[in-house]
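So the sequence lines, in the order shown, correspond to chains A and B. 6 is the number of the first residue of the first sequence in the numbering used here; add one for each residue after it. 6 is the number of the first residue of the second sequence in the numbering used here; add one for each residue after it. The beta carbon of each residue, even a glycine, is placed where N, CA and C say it ideally should be. Encoded as C-alpha cells, the structure appears first; notes follow it.
2 protein chains.
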Amino acid sequence: MTDTAPRARRSDATRAAILRAARARFAADGYDRATIRAIAADARIDPSMVMRYYGSKEGLFAAAAEFDLHLPDLTRVPPDRLGETLIRHFVRRWEADGTLVALLRAASTNPGAAERMRGIFADQLAGAVARTGADPATADRRAGLVASQILGLALTRYVVRLPPVVGLDPEELAAWVGPTIQRYLTQPFPPSHASDG
Amino acid sequence: MTDTAPRARRSDATRAAILRAARARFAADGYDRATIRAIAADARIDPSMVMRYYGSKEGLFAAAAEFDLHLPDLTRVPPDRLGETLIRHFVRRWEADGTLVALLRAASTNPGAAERMRGIFADQLAGAVARTGADPATADRRAGLVASQILGLALTRYVVRLPPVVGLDPEELAAWVGPTIQRYLTQPFPPSHASDG
DNA sequence: CGTCGATGTCAACGCCTGTTGGCCTACAGT
DNA sequence: ACTGTAGGCCAACAGGCGTTGACATCGACG
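Next comes the structure, spelled out in C-alpha cells:
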C-alpha cells in the first residue's frame with residue numbers, strides 16, 4: 006500500500022493494446038475521424054472497455070498523446086552543431102514513434118490537442134533552447150522559429166506528404182535544414198537581411 | 006451573346022453567402038467539425054440549399070478551397086531578394102484571406118484537402134521556383150523545402166498558435182525567415198554535407 | 001390572368017457517434 | 001468448494017450528422 010504501483014493488474018495488457026491502437030488511429034485519421042469503435046476493434050476489445058479505462062474519448066487522447074521529445078542535453082553539444090544535432094534528433098524521433106504525428110494531426114482541429122502541442126514546445130523545446138545560453142530576451146522567439154521549421158517539415162513530410170519532401174533522406178534533411186535551425190538559434194538579434202554563411 | 010454565364014441569377018447572393026460562411030467555418034473548425042447545418046445557419050438559409058447548390062459537403066469544400074497563391078513574377082525580382090519577397094507576400098496573402106488556413110486545417114484529416122494542397126504547391130509554388138532559373142534537377146526539392154518553412158509558419162502562427170510565433174510582426178518575420186527561403190532557393194546543391202550526387 | 005421554373009422551407013430518413021448500465025465469466029482469497 | 005471482484009461483452013440510448021423529397025412561394029413571361 007506504500008507502493009504507487011503495487012502489482013501488475015491483469016488488465017495492463019488490454020490498457021496497452023488500447024493505447025497502441027489509439028495512437029495509430031489518431032495518427033492516421035486525426036481526432037474526429039478516429040472513432041472509439043474503430044480503436045476498440047483494432048485492440049480486439051469492446052468499445053465500452055475504452056470508457057472504463059480512460060473515461061472518455063478526450064481522456065483516451067490525453068493518455069495517447071503523452072509525448073516526450075527526449076531532447077538531448079544541448080549544453081554538451083558543440084555550439085556550431087546545434088542545428089544539425091536537433092534536426093537529426095527530430096527526424097529519428099518521429100520516424101520511430103507516430104505519437105507526434107497523431108498530436109499534429111489532432112491539433113489542427115482539437116483545441117485540447119493544440120493546447121498540449123503548445124505545452125510540449127513551451128516546456129521542452131523552449132526550455133532546451135534557453136539552456137543553450139541564448140539571450141533570455143530572445144530565446145522564446147528563437148524556439149518558436151525552430152518549431153515553425155520543425156513542425157512544417159513534419160507537416161509536409163508525414164501529413165500532407167508533399168512528394169519532394171517525402172523523398173528527402175535524413176542526410177539531405179540534415180544538410181538543408183540543419184543550417185536553418187542553427188541560424189534561428191545563434192544568429193545575432195535582430196537578424197539582418199544578408200544571407201547566412 | 007455566347008457568354009458562359011449569360012445572366013445573373015437571383016441565387017448568386019445566396020451562393021456567395023454560403024461560400025463565405027463555409028470558408029469561415031472550415032478555417033475555424035476544420036473539415037469534420039464544420040457542419041453543413043452550422044454553415045447554413047451562418048448564411049441564414051436552410052441546410053438543404055447547400056446540397057442543392059454544391060451537391061455534397063465534399064463539393065462545398067472543393068468550391069470553398071479554390072485558392073490562388075497569387076505569386077508574383079519571380080523573374081522580375083532581384084535574385085538576392087527572392088526570399089524576402091516571398092515571405093512578405095505569403096504573410097500578406099494569408100493574413101487577408103482565411104482560405105489557406107481552412108485548407109491547411111482540413112488537409113490534416115481530409116485526404117481530398119491534402120491532395121488539393123499538394124496540387125497547389127506543385128502547380129503554383131514549384132512552377133514559380135522553376136521559372137527563377139533554378140536547376141531543374143533540384144527545383145522540386147527546393148520548392149518542397151520552401152513549402153515546409155512557409156506551411157510550418159502558417160501552422161504555428163494560425164492553427165496551433167504558438168505564442169512566440171503569433172507575436173512576431175511581419176517585419177521580424179521577413180528578417181528571420183526571408184534568409185531561410187533565400188537559402189533554400191539559391192544555395193548551391195547539395196548544401197554542405199554531400200550524400201548523393 | 002395563368003403557367004412554369006427557380007428559389008426557399010420543412011420534416012424526416014438512415015446512419016454513425018460517444019456513452020451507459022446490466023449481465024456473464026473467470027480467477028484470487030479463504 | 002465458495003464467494004467476491006475485476007475483466008469483459010452485449011444491447012441500447014440519445015443526439016448529431018449528411019442527405020432527401022415533398023411542399024410553399026416568388027417573379028418573369030405568355
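Query, Result
"Interface flag, residue 146(A) vs chain B, CB-CB below 7 Å", "yes"
"Range covered by the alpha helix (DSSP H) that runs through residue 131(A)", "131 to 136"
"Positions along the stretch 64 to 89 of chain A whose CB lies within less than 9 Å of some CB in chain B", "89"
"8 Å contact criterion, which residue 32(A) and residue 110(A) should meet: CB distance rounded", "6 Å"
"Three-way DSSP call (helix, strand, coil) for residue 60(A) in this model", "coil"
"Exposure of residue 86(B), with buried meaning 16 or more beta-carbon neighbours within 10 Å", "exposed"
"Minimum C-alpha distance to residue 193(B) - residue among 142(B), 39(B), 18(B), 25(B)", "142(B)"
"Where residue 94(A) falls: helix, strand or coil (DSSP)", "helix"
"Members of the stretch 89 to 123 of chain A that neighbour chain B once the beta carbon cut-off is set at 7 Å", "110, 112, 113, 114, 119, 122, 123"
"Residue 57(A) Cβ short of 6 Å to the ligand NAP heavy atom set", "Although the ligand NAP was asked about, the structure shown includes no ligands whatsoever."
"Residue 148(A) versus 114(A), 69(A), 88(A), 112(A), residue with shortest Cα-Cα distance", "88(A)"
"Span separating the alpha-carbon of residue 169(B) from that of residue 115(A)", "20 Å"
"Chain A contact for residue 140(B) (CB, 7 Å cutoff)", "no"
"For residue 185(A), the three-state DSSP class (helix, strand or coil)", "helix"
"Residue 95(B) to residue 181(B) span [Cα, whole Å]", "14 Å"
"N-terminal and C-terminal residue of the alpha helix (DSSP H) that residue 105(A) is part of", "104 to 112"
"Listed by chain order, chain A residues near residue 174(B) by CB distance under 8 Å", "Correct list: empty, because the minimum Cβ distance to chain A is about 11 Å."
"Any 3 or more C-beta pairs closer than 8 Å across the stretch 71 to 80 of chain B and the stretch 35 to 49 of chain B", "no"
"Nearest candidate by alpha-carbon position, reference residue 29(A), set 76(A), 17(A), 46(A), 18(A)", "46(A)"
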